[in-house]
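Engineer: Pasting a structure here, questions to come.
Protein chains: 2
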Amino acid sequence: MAMLGRRPVRPSGPVTIHDVAKAAQVSLSTVSKALNGTGQLREETRDMVRRVAEELRFRPSEIARSLSGRQRRTIGLISSDHHGRFSLPVLEGIQDTLDAESISVFLCNAAGDPERERQHIHSLLANRVDGIIVTGTRATPRHPLNLEGEHLPVFYAFSRVVDPDYPCLLPDDRGGGQLAGEHLCRLGRSHVVHVTGPAHVEAVQHRRQGLEHALAEHGLALPPERVLTGSWSEAWGHEAVDRILAAWPSTDAIFCGNDQIARGVVDALRARGVRVPADIAVVGFDNWEIIAAATRPPLTTVDMNLHELGRQAGLQLLTMIDGGEVRGVQRLPCSLVVRESCGGQMSQNRG
Amino acid sequence: MAMLGRRPVRPSGPVTIHDVAKAAQVSLSTVSKALNGTGQLREETRDMVRRVAEELRFRPSEIARSLSGRQRRTIGLISSDHHGRFSLPVLEGIQDTLDAESISVFLCNAAGDPERERQHIHSLLANRVDGIIVTGTRATPRHPLNLEGEHLPVFYAFSRVVDPDYPCLLPDDRGGGQLAGEHLCRLGRSHVVHVTGPAHVEAVQHRRQGLEHALAEHGLALPPERVLTGSWSEAWGHEAVDRILAAWPSTDAIFCGNDQIARGVVDALRARGVRVPADIAVVGFDNWEIIAAATRPPLTTVDMNLHELGRQAGLQLLTMIDGGEVRGVQRLPCSLVVRESCGGQMSQNRG
DNA sequence: GCAGTCACGGAAAGCGTTTTCCGTTGTGAG
DNA sequence: CTCACAACGGAAAACGCTTTCCGTGACTGC
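Same order as they appear, the protein sequences are chains E and W.
Following my numbering, the numbering of the first sequence begins with 100 at its first residue and continues without gaps.
Following my numbering, the numbering of the second sequence begins with 100 at its first residue and continues without gaps.
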């Protein structure tokens, strides 16, 4: 009356390699070899073991594997960003790379708290991760990770370290600014104003330099007073428009430090009866879809390719883990996403 | 001439318990006991061992620990959301809970791809996690995780499962709609229109029901034709305003299904010279800071408390891991964030 | 002074893998 | 028919820790 069939019995916990060995009537080592494709076994044996293992739903314990010296195939990801506007695409890019290599990720959110960060690092070290990626805000450069004396590859993605020797990948803000400037010049605009974020932020300075460079190549100057620094908000965009219209009525283009400012600028211009792009062209920065696409007209803006940045960060860490040398600040090119706030691409011959 | 000092020598890799034992001149087991507070040791011995361990920067391998039967103290987090507008706060809430318990998190981004999800689950199982939290979009109910026959606690946070028996935590959308409705009623508004997202979405239905309920309690009806369903976009907000002003000029309040719609509505109203909130009060949903606060006037809106939702999801999973019974759909109350789009709280006696 | 108790700390057996090293067996050649 | 040599697969050590079980020595009480 009892079930006497060959239903696999699993008394306690997951199937181990022992269970497989017993079921397949071979030794432990044979199972291991069969499943890992190592050693010298008849193909026949291999297949048999494989079949049994599958039937038993054997799933080798990664823990046990890592213990016996293999690579851990796990990395740590420390994020200091809580707002997450930028972290998320980066994070996804990183995962893309690591997924492809079947590497697991320990996620740690330090939330800017040094004590919490310390604990997370401790935990990562205790878990013997193969490497660490740090990501988060880059507004202010951070100190390098304190690895408690351990040696471990660390890569900084979208995160600036005080010492420029540490391997890190950042968007090419200068290039981004340049893209915007060139686009405006190509469209024949010549009275450009730059409305941007806090003056002390590195990205703000770089974007401005890029713009300046592009304008210069077209024989145009960007006088310092036409660079308005403020906060990263729509409200600042509105305020800036007041000043611009009052001070320089001949303005025909505004490059904004981010999309929120750009949205404020566009809204304010519309409210004042200034046509975008006919009277004034506007370029944003970030390509924050939800804002850029909803603006009326939709924003032409610079995209930092954060997903790609994450992907490459992942690759670089892998390189480091494999013993490769990676150092210093690298910059990933931005790209320009053309929507309607500068006029169609059709008119690009007009300049 | 050689350095004969007692500089701790670390020939290869991390310090092990052996190294500590040797340095402290005691046995392995004594070190383990001293460091874990188990066994019977003189406080003196304990201290001594502790000191040596610290000096050597001994960091017990979590891997080895988990192998020898202890709890793994690690969970998996499967996220199917790539946009991440909602995942992020949830995710942070979860981490808050788990950090407090020193539990590590394996992050997996399935990105909606079943094959990728399968691989991640496999990896989590192989890593012997203690439990799994699934989070992501809830627009359409998902199938339960396929655990390959393994038994493991799984909790669904902000993610709907087809079978309502699975343990899951969702925002109380109905309650949220009710909050909005009550707020409007209290402010004396009586001609309410509801502009919301796709009709088939559960949250859309619930929010509408909540609104209806609140109105009913104040003797007001919400005729079906005054519920306008569309997309979750600003553009839809604009369009809806056209219809509303044409069809029901006496409208004095609009409850929007999310903040993007609300923003579109407010912008459109302003463009048509309708004053917000004087003529029409507007309530949003989501409390998406970046939109709600930047709208002019800033949006009064419903907050789903996603961070708290994540926190509680973490706690629930811990309960399950500890053997507790958790089942069925639970709802977390929303709260109302009052800004300016309905008028100040001052005027609440006006009704 | 002697047995009986403790307090202490060491030896060793796991935990689930991989990997190295050997002992079989079967084959072909001499 | 024996020998050498592959080819195959098993035994056992190792990975770094926890934990159980014991052996020691020092203390108590008589």
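From the three backbone atoms N, C-alpha and C, an ideal C-beta is built for every residue, glycine too.
Every value quoted in this text rests on a predicted model; they were computed, and no experiment measured them.
By the 9 Å beta-carbon criterion, what residues does the stretch 356-381 of chain W contribute toward chain E?
Structural biologist: Listed in sequence order: Q359, R362, G363, D366, R369, A370.
Engineer: May I ask you to report which of helix, strand or coil DSSP gives H293(W)?
Structural biologist: Strand at H293(W).
Engineer: Rank D358(W), D264(W), V291(W) by C-alpha distance to the C-alpha of W347(W) and give the top, closest one.
Structural biologist: Cα-wise, what sits closest to W347(W) is V291(W).
Engineer: Tell me the DSSP secondary structure of T400(W) in three-state form.
Structural biologist: Note: T400(W) maps to strand in three-state DSSP.
Engineer: Residues in the stretch 227-241 of chain E with C-beta within 9 Å of chain W's C-beta atoms, listed in sequence order?
Structural biologist: Within the stretch 227-241 of chain E, the residues whose Cβ lies closer than 9 Å to some Cβ of chain W are R227, listed in chain order.
Engineer: Could you say which of R158(W), V114(W), H293(W), P396(W) lies nearest to P323(W) if we only look at CA atoms?
Structural biologist: Checking every option, the nearest Cα to that of P323(W) belongs to H293(W).
Engineer: Just the chain E side, please: which residues come within less than 7 Å of N208(W) by C-beta, in chain order?
Structural biologist: Correct list: E191, Q194.
Engineer: Bridge partners of T173(W), per DSSP?
Structural biologist: S203(W), per the DSSP bridge assignment.
Engineer: Taking the beta carbon of H282(W) as the centre, do at least 16 other beta carbons fall within 10 Å, making it buried, or is it exposed?
Structural biologist: H282(W) is buried by the Cβ-count criterion.
Engineer: Below 7 Å between beta carbons: does that hold for P397(W) and E439(W)?
Structural biologist: Taking 7 Å as the Cβ cut-off, P397(W) and E439(W) qualify as a contacting pair.
Engineer: Taking 7 Å as the threshold (beta carbon to beta carbon), is G248(W) in contact with chain E?
Structural biologist: At least one chain E Cβ lies under 7 Å of G248(W).
Engineer: Could you tell me whether the Cβ of V204(W) comes closer than 7 Å to any Cβ of chain E?
Structural biologist: Interface residue, yes.
Engineer: Under 7 Å, Cβ to Cβ, is there at least one residue of chain E near S222(W)?
Structural biologist: Yes - at least one Cβ of chain E is within 7 Å of the one on S222(W).
Engineer: Identify, in the order they occur along the chain, each residue of the same chain with its Cβ nearer than 6 Å to the Cβ of V148(E), setting aside the five sequence neighbours on each side.
Structural biologist: Taken in chain order, the residues that qualify are A123, V130, A133.
Engineer: Short check: CB of D303(W) to CB of G356(W), under 7 Å?
Structural biologist: The sequence shown places Val at residue 303(W), not Asp. Cβ distance < 7 Å, so V303(W) and G356(W) count as in contact.
Engineer: Just tell me which of E407(E), P113(E), L278(E), P297(E) has its CA closest to the CA of E311(E).
Structural biologist: If we check each option's Cα against that of E311(E), L278(E) comes out closest.
Engineer: Output needed in chain order: residues of the stretch 153-174 of chain E with a Cβ under 7 Å from some Cβ in chain W.
Structural biologist: Within the stretch 153-174 of chain E, the qualifying residues are R156, R158, P159, S160, E161, I162, A163, S165, L166.
Engineer: Spatial neighbours of S330(W) within its chain, please: C-beta separation below 8 Å, excluding the five flanking residues on both sides.
Structural biologist: These residues qualify, in order along the chain: G296, P297.
Engineer: Does DSSP classify A352(W) as helix, strand or coil?
Structural biologist: Here A352(W) sits in strand by DSSP.
Engineer: Taking 7 Å as the cut-off, decide whether the C-beta atoms of W387(E) and D358(E) are in contact.
Structural biologist: Yes, the Cβ-Cβ distance between W387(E) and D358(E) is below 7 Å.
Engineer: Closer than 6 Å by C-beta to R362(W): which residues in its own chain qualify, once you throw out the five before and the five after it? Chain order, please.
Structural biologist: Within the same chain, R362(W) has close Cβ partners E333, I390, T394.
Engineer: Would you say A225(E) faces chain W, with C-beta separation under 7 Å as the test?
Structural biologist: Interface residue, yes.
Engineer: Flag A393(E) as yes if its beta-carbon sits less than 7 Å from any beta-carbon of chain W, otherwise no.
Structural biologist: A393(E) counts as touching chain W.
Engineer: Please report the distance separating the alpha-carbon of P270(W) from that of P263(W).
Structural biologist: If I take the Cα positions, the gap works out to 15 Å.
Engineer: Can you give me, in chain order, the residues of the stretch 312-334 of chain W that have a beta carbon less than 8 Å from any beta carbon in chain E?
Structural biologist: Cβ contacts with chain E come from S332, E333, A334.
Engineer: Going by beta-carbon coordinates alone, are L176(W) and I232(W) separated by less than 7 Å?
Structural biologist: Result yes, Cβ atoms of L176(W) and I232(W) sit closer than 7 Å.
Engineer: Report the CB separation of G413(W) from T196(W) in whole angstroms; it is logged as a contact under 8 Å.
Structural biologist: Yes, G413(W) and T196(W) are in contact; Cβ-Cβ is about 3 Å, under 8 Å.
Engineer: Flag this pair as touching only if the stretch 207-218 of chain W and the stretch 158-167 of chain W have three or more C-beta atom pairs under 8 Å; answer yes or no.
Structural biologist: Verdict: no, contact absent.
Engineer: Using the Cα positions of T418(E) and S160(W), report the straight-line distance between them to the nearest angstrom.
Structural biologist: Each residue's Cα considered, the two are about 25 Å apart.
Engineer: Please go through the same chain and pick out, in chain order, the residues whose beta-carbon is closer than 7 Å to the beta-carbon of R171(E), but skip the five residues on each side of it.
Structural biologist: These residues qualify, in order along the chain: S165, R227, V228, D229.
Engineer: So, does the stretch 233-242 of chain W touch the stretch 234-247 of chain E, judging by three or more C-beta pairs under 8 Å?
Structural biologist: Because the criterion of three Cβ pairs below 8 Å is not met, the stretch 233-242 of chain W and the stretch 234-247 of chain E do not touch.
Engineer: Buried or exposed: which applies to R374(W), given that a residue is buried once 16 or more other Cβ atoms fall within 10 Å of its Cβ?
Structural biologist: It is exposed - the Cβ of R374(W) has fewer than 16 other Cβ atoms within 10 Å.
Engineer: Please classify N226(E): does DSSP put it in a helix, a strand, or coil?
Structural biologist: N226(E) falls in the coil class under three-state DSSP.
Engineer: How many Å lie between V151(E) and V119(E) at the Cα?
Structural biologist: If you take the alpha carbons of V151(E) and V119(E), they lie about 7 Å apart.
Engineer: Taking the alpha helix (DSSP H) that T418(W) falls in, what are its first and last residues?
Structural biologist: First-last of the alpha helix (DSSP H) with T418(W): 405-420.
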